[in-house]
Every structure is written in C-alpha cells, then in structure tokens.
Amino acid sequence: MQRVVRILRAYWKAIVALIAMGALAGLGWSSLQPRVYTADASGYVAAVASDGSTGAALAGDQLALSKVKSFIDMGYWRSVAETARQDLGLSDSPESLVQRIRVSNPVDTVNVRVDATGPTPESARDLAEAWIRGMTAEVDQLETGGSGQSAVRLVAGDSARLPTAPSSPNVRLDVTLGALAGGVAGIIFALVRRTFDRRVRSVRDITDAVDASVVGVLPVDKELASGRAVFSFDDIKDGRGSFAHKEAMRELRTNLQYVDVDRPARVMVVTSPLPGDGKSTTAANLAVSIAATGQSVVLIDADLRRPVLGGMFGFSDDVGLSDVLAGRAQIEQVAHQVDQNGRLFVVAAGRTPPNPSEMVGSQRMQSLARKLADDMVVIIDSPPTLAVADAAVIASWADGAVLVVTAGRTTDDMLTRATENIAKTRGHLLGVVLNRMPLRGVDSGYYGSQYGGYYGYGAPPSSKSAWRRFRLRRKGQAAAKGTEEREAGPRRQPAGPPPENVSGLRTLSQRRISAAPGGDVTDEITVPAPSREAPADTPTRRRTRRG
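By the working numbering, the letter at position 535 of the sequence shown is numbered 541, and the numbering carries on one by one without gaps.
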C-alpha cells in the first residue's frame, strides 16, 4: 500500500487532470442531452360500502388493498393509452405513450401514482392527468360491466403539479460520475505507467537492476541546474553549493574509502551511461572533497573528445593529457595546482587525437596513472560508457570505476548495459552514484531543507536580514554572470576567472622541487608558466638521470 500511495503521489497531476477531464466530459454529455420533465398524478382506490357500519368499512379497505395491485398492471394497457391519446389529441402511438409512463403504488396505501415524462412541463402534466382519467374509465368499465355500480372504483385526484426543473439529464450526477470515471482512469494510468516506467528513481531501483551497491546519492542543487560548478569543502558556510549536496559528496567520499579497505582504490575512473549525467561535475567535486581531507589528488580529464574540466577550473583544454601521452610535454608541465594548499592538481585533456581509445588504454597511460598514484589519489574523468569504449578501457586497468546515473533519466537497461561494458573488460565497479535526486516529492531522498536546518545551516533567514541577503545574492549573481560555463567541445579557449574556491593556477612541477642525489647527472628544464596568473619567477625543476 505504501508503494501504491507513492505511485499515486508521483502521478497526482495526471490523476487530477483526468478527473477534471472526466467531469468536463460529464458536463458536456449532459448539455447535449434533451431536457425531459416529469410530472405526477394520483388516484385513490375506494370501496363502496353497502351500509355505514364499521365492519363494512374495514371490509371495503381490505378489498381496496387487494384491488390496487391489479390496477397497477392495468395502467399499462393499450386501452388506457388510447383513451389518453384521444383526450389530449396526440398523434403519438399508444406504444410510445406507454414508454413515457410509470404507474406505481406507494407502500401501505391504496393510491395509484402515475409519473409521466415530456419535453415540456405542460406536456408532462397533461399526460399524467389524462392517464389517470383513462385508468378511471377503464376501472369503471371493468368493475360494473357496463351497468350498475361497482364495489370498488378509482377516484382521480387533483391536477398534477407543474415541474419547475428537468428530471433528466441530472447534471450533478453526470459530472460526479464523469469525475469518478476520470479518477479510476487516472489511477489505472499511474499504476500502468509506473509498471512500465524503466527509469531509475531510487536506490532500490538500482539495486534491483544490477548487482552493485549505491555509494552515493547526490541531491539536486540549484547552482548545477544551469551548468557545471565546483564547490569548496573547506568552509560549509561559503555560500556556494547547498549544504545537502556537500554532505552527500562527503558521504560519497567516505563510502569510496571503505569499499575495499584491504586494497583502497588509488586510481578511480568516473563515468556515466550517457552524456549529461553529471559525471564531470561529480568527478571535480569529489576530487575537491578528497583534497579537503589533506590527501593529494590529481584530477585527469581523459575525455579527449569533449573535454570540460579545463573550463570548469578556468584554464584552456588545448594542452594536457594528450600532449603528455604523445611525448610533447611532461605531466609536471601540464598539471595545474588549483588550491591554496597544494593538494589538488588538474590535468586538462589537451588536443583531440585521432585515436582517443587507444591513447587512454595505452601502456604509457597506465604507467602515468600508476606513477601518480604513488603519491596521490588519481581521479580520471572519462567519456560516457555507452557512447564510446574509452571508459571501459580505462576501467580495465584502473583500481575501480564509479558510475554516475541520473534519477528519473537513466533507464534500467542503460544501467545494465553500462555495468556490462565495464564487466566485459574485467573492470571493478566500485559503486553507482544516483545524481540529481529530487529534494521534494515522492521520489525525494532524505536530503531536504529540514536536514540542513537540523544542524543550523538550512534554517530560513530572519526577516530583518532578508533584504540584505537578497542584495548580496544579487551582487554575487551579477559578478558571476561573466563566468558562466560554455558548452563543452573538443577545443576550449581559456575561460573567465576560476571559481571562488580555486586559487591562482600553478603547475605540478612547482610542488615537486627536490635536490638531485649526489653523483647524478642533472640537466635544467624550464617549466613554461601558464598564461594566466602565473608568477614571473617560476622555479625550475631538476630532472635526474641515472648514470
């Protein structure tokens, strides 16, 4: 029953729409039906007593009660219809007149009631009166045999009352029945639609579809609705990103650390079934959250077809991983430090090569990732696994893969195919991340405003400072308007200023400065400074060669 209620809540708009449509259909049907009026007339069955004694009166009453049942059937005789037709001067056939008549006997009475219908109030009243008169004449004919006085006779009552409103159609009843029919149709639609709906909307849908655990549930964030964004995890009140989303990202970080405690993953690939599931944003914020714990992290953009990480952190994607794999640059020259503590580095994708799958699956790529994993956690952002084979190739040699799916968008067959593609290359799936979980509604998770308000971060602002908060927010939006993300592509020009949580860009070589061992032959390599915000006195790195 709880599941049925959740389904009805999910499709309540469709159910309400069908109820309204049913009510309108009932109203329309009523308006098309002809108006029918009903009038009634009654007669009294009386027994004629031979004397005025009480016993004779009681016997007459019993006789009248026994006779009234027979008079009911007499009301449908053809002779009665002929009499009424001649009385009113109608051209209708007796059969059609009988269809407009209903004769009844009220309970515990000796009355005969005639209900007649007609297109107008007057025609209904006249027919009811004429019918009673016809029945009276017929009763007298039968009871007396044409001579003498009968023991029982039918006395016609007063004239029928003129009906003031049509008896048919019943607009209220038709609208109610139409609404009920629409509600039943809406419930059936909701149940059938959810039965055949293959989109994943909850953790249970994922676990039922594939044999994988859900390592994270990321709620919807308004700053991610229009594009990509990188949040800071050092200050929970920095104003960027919702508290619920940051807590969900921290939970994802913690879950990944405990997936395999004996062999913790040092090289992780983040992918998704299709583009638009938020894998790049998830990978970027996961790297920032891990770096906030004090670990060194390098984020590599291995999506050589449509790179986006460079634009997210405020530098160009034209030089990066593809140049390192092609031997045109060293990793120290293209890795950019994007935090103030020197714990987070980002490697852009570089120029688009003609063979992206072969490059990311090469031995050089594996050696590069393993070398970086000796000192830091390596997070690789790869293309969607259903679009190209790059993600499955990287997962074959990485320590694990994280699959990002979208609630209400990714179907169970997409999820199954994506996990199968990773399994075919013997890749290890660390878990699935359910992204864009609604904060409200039947499919919402436990990340709501009350979750943040419990800790004091989601409480509504006071009315005294509401105007000041609104002005500050408007100023922040105006300042960030020029730094909105552009559509990702194989080439990205340098974007605007980096996000607020990203410091001035520096290369990995500025961090890895060490003295050369004695007896080694060294040569000087000058590291080119980035085109944006790089210090003029960029130090050099000594690369050692064993003699």
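Backbone N, C-alpha and C fix where the C-beta goes; we use that ideal spot for every residue, glycine too.
Between the CA atoms of residue j and residue i - distance to the nearest angstrom
i	j	result
Asn291	Met255	7 Å
Ser295	Phe239	6 Å
Arg15	Arg446	11 Å
Met371	Pro313	17 Å
Val22	Ala136	50 Å
Ser102	Ala31	30 Å
Asn427	Pro389	13 Å
Pro270	Val383	10 Å
Ile78	Trp18	52 Å
Leu179	Ser173	11 Å
Leu38	Leu69	48 Å
Asp268	Thr299	20 Å
Val206	Ala215	9 Å
Val577	Gly333	Lying before the first or after the last residue shown, residue 577 is absent from the chain, which here runs from 7 to 553.
Ser97	Leu133	13 Å
Asn111	Asn176	25 Å
Pro362	Val209	33 Å
Leu160	Ile107	18 Å
Ile25	Ser36	17 Å
Met318	Leu183	57 Å
Neighbour-count burial assignment, residue i, 16 or more Cβ in a 10 Å radius
i	result
Asp419	exposed
Asp217	exposed
Asp7	Sequence inspection shows Met at residue 7; the Asp mentioned does not correspond to that position. It counts as exposed.
Ile194	exposed
Thr142	buried
Phe202	exposed
Asp114	exposed
Lys73	buried
Ser373	exposed
Gln369	exposed
Thr287	buried
Gln147	exposed
Asp266	exposed
Chain-order list of residues whose beta-carbon lies under 8 Å from that of residue i (same chain, five-residue window excluded)
i	result
Pro127	Tyr43, Ala45, Leu168, Pro169 and Thr170
Thr431	Ala398, Val399, Ala401 and Ser402
Leu186	Gly28
Leu197	Val10 and Ile13
Residues bridged to residue i [DSSP beta-bridge criterion]
i	result
Phe351	Val304 and Gln343
Met443	Pro225
Ile78	Per DSSP, none; premise fails for Ile78.
Asn117	Tyr50
Ser563	With the chain covering 7 to 553 only, the question about residue 563 has no answer from this structure.
Ile386	Val275 and Ile306
Ala122	Ala45 and Ile107
Ala162	Gly49
Thr417	Arg205
Thr412	Asn441
Ala407	Val275 and Leu435
Val220	Val438
Spatial neighbours of residue i in its chain, beta-carbon cut-off 7 Å, leaving aside the 5 residues before and after
i	result
Glu562	Since the first and last residues shown for the chain are 7 and 553, residue 562 lies out of range.
Ala87	Pro100, Leu103 and Val104
Ala424	Pro279, Thr391, Leu392 and Leu409
Thr422	Ala215 and Val216
Cutoff 6 Å; reference residue i; Cβ partners in own chain excluding five residues on either side
i	result
Arg200	Ile13
Leu33	Val181
Ile337	Val330
Ser248	Asp227
Val273	Ala375, Ala379, Val384, Ala404 and Asp405
Gly140	Val86, Thr89 and Ala90
Val109	Ile78, Gly81 and Val120
Handout entry: At least three beta-carbon pairs within less than 8 Å, the region 278-290 to the region 383-402
Key = yes
Practice task
Decide if the region 400-412 is in contact with the region 316-333; the criterion is three or more beta carbon pairs, one per stretch, under 8 Å apart.
Solution key: With a cut-off of 8 Å on Cβ pairs, the region 400-412 is not in contact with the region 316-333, counting fewer than three such pairs.
Problem - Cβ contact (3+ pairs, closer than 8 Å) linking the region 298-306 and the region 433-440 - result: no
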